[in-house]
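Q: Next up is a structure, given as structure tokens.
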């Protein structure tokens, strides 16, 4: 080959190499985008379409299903978990891929004038590292297990947010119901105060009765005011979970369904062990740590590197070269022993953590189940014992006060007793719904509220008419609605108090208990 031709070839190979290096340097640097590429936060302003979208939240009864569906699309925690899962699913392809091949150029024994074309050897080399068979597969499987763990984490976040939403929803419902109790009793005490003034005007009672009536009326007005302010706090909590402004409008929550627990404890425990997302995530972690230990043991085997070279020799024959190299892990074997020990310890840690989560899951199921039983017992006692007794005592006190047998202070005590028993009844109803949310969180799935076919019950569950249902704010018990109107009529002729419209159940009330202790 002529000298000029050899010189052109060398320059061509050098130019090819330098162009490849230049293109690599032209790539954008790793890390965050430039300042101009970063998304900027712009406060959103309400448009006509946004106001139209918000209207149903204010003008309609707030359905729980609507709240849950909205949170699924807008809650930041759920969206972040989805993004983490999407990122984790991109890792297996990266982890199981070979390293990029490398290309290099070398010039050997060039003259002092740096005439590269006159160097004894110009070498262009292409090389590729090849791990020991099985190592890349294990890395890919480890990344896949991590992605499966993130999928379980997403389900855990969703279930946790659902539980928080249900609790916030029924806290808001409880505030509305408590407010109605105070409003009803405020109207009732106002009527008692007018009766006391009339009796005082004709000399049948003393002035302290009138003053006591005003003090009690002031107390109830204050309770109505503070409970109205509490609505803002309850709305803000629910709006925060929905990623909405604290003052965003919300309608009145709907009444909960009839309380019943058509599940046995053993069945709930089995559901928790099979479906609890944290357990599934930890199982994936355990599997991942097992694969990591296998990978650590693979480190005792060598990795390889193969290369192909092109030689351009000045004044001599040109040619090709092939090379193979391998690592020697046994030289520093102690570091691989330490890696296996670390992986084994991590595997044992994952096993212990799985046992801890199982114990915690069973405890949380039992705790939620006991809270459900407690709430059901309280509801049964309130509906069939405390509320009727308190109402009868108040009616007797009204008659005794009107006939002059009973003083006004005793009458007020009866009013307070009825008020307290209704507040506790509503609190028990809200506690049941929140305990149900905790139970669903503990078992890791939504639970049906009706008995499954073939379920054997030892305690009857009240029918749909056990509590008024349907529109928002209609969950006050029938005895309360009936007795409030009755108290108002007894207190001041044909006058009645103002309150929420209550639906009269078509069926007679039955016990509000529904704990199933056995299943076939």
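In my numbering, the protein residues as written are 2 to 521. We put the CB at the ideal spot given by N, CA and C, even for glycine.
(1) So if DSSP puts residue 103 in a beta bridge, which residue, or which two residues, is it bridged to?
(2) For the stretch 279 to 325, which segments carrying the beta strand (DSSP E) assignment without a break, of at least 3 residues, lie completely within its bounds, in sequence order?
(3) Per DSSP, which one or two residues make a beta bridge with residue 108?
(4) Below 7 Å between beta carbons: does that hold for residue 267 and residue 443?
(5) Can you tell which of 409, 216, 164 has its C-alpha closest to the C-alpha of residue 69?
(6) Beta-carbon separation of residue 249 and residue 150 under 7 Å?
(7) What is the DSSP secondary structure of residue 134, counted as helix, strand or coil?
(8) According to DSSP, simplified to helix, strand and coil, what is residue 175?
(9) Return yes when the Cβ of residue 169 is within less than 7 Å of the Cβ of residue 242, no when it is not.
(10) What would DSSP say about residue 258, mapped onto helix, strand or coil?
(11) To the nearest angstrom, how far is the alpha carbon of residue 289 from that of residue 147?
(12) Looking at the strands, I want to know which residues DSSP matches up with residue 63.
(13) Let me make sure I understand the geometry here. Which of 371, 294, 104, 122 has the alpha-carbon closest to that of residue 110?
(14) Shortest alpha-carbon distance to residue 351 belongs to which of 291, 407, 401?
(15) Going by C-alpha distance, which of 379, 133, 90 is nearest residue 260?
(16) Given that a residue counts as buried once 16 or more other Cβ atoms are within 10 Å of its Cβ, and exposed if not, what is residue 324?
(17) Using the C-alpha atoms, what's the distance from residue 400 back to residue 407?
(18) Taking 7 Å as the threshold (C-beta atoms), are residue 419 and residue 449 in contact?
(19) For residue 115, which of helix, strand or coil comes out of DSSP?
(20) Given residue 314, which residues of its chain have a CB within under 7 Å of its CB, disregarding the five upstream and five downstream residues?
(21) Please identify the residue among 83, 100, 388 whose C-alpha is closest to the C-alpha of residue 304.
(22) Anyone know if the C-beta pair for residue 276 and residue 135 falls short of 7 Å?
A: Straight from the coordinates:
(1) 128
(2) 305 to 314
(3) 123
(4) no
(5) 164
(6) no
(7) coil
(8) helix
(9) yes
(10) coil
(11) 7 Å
(12) 254
(13) 122
(14) 291
(15) 379
(16) exposed
(17) 9 Å
(18) no
(19) coil
(20) 121, 122
(21) 100
(22) no
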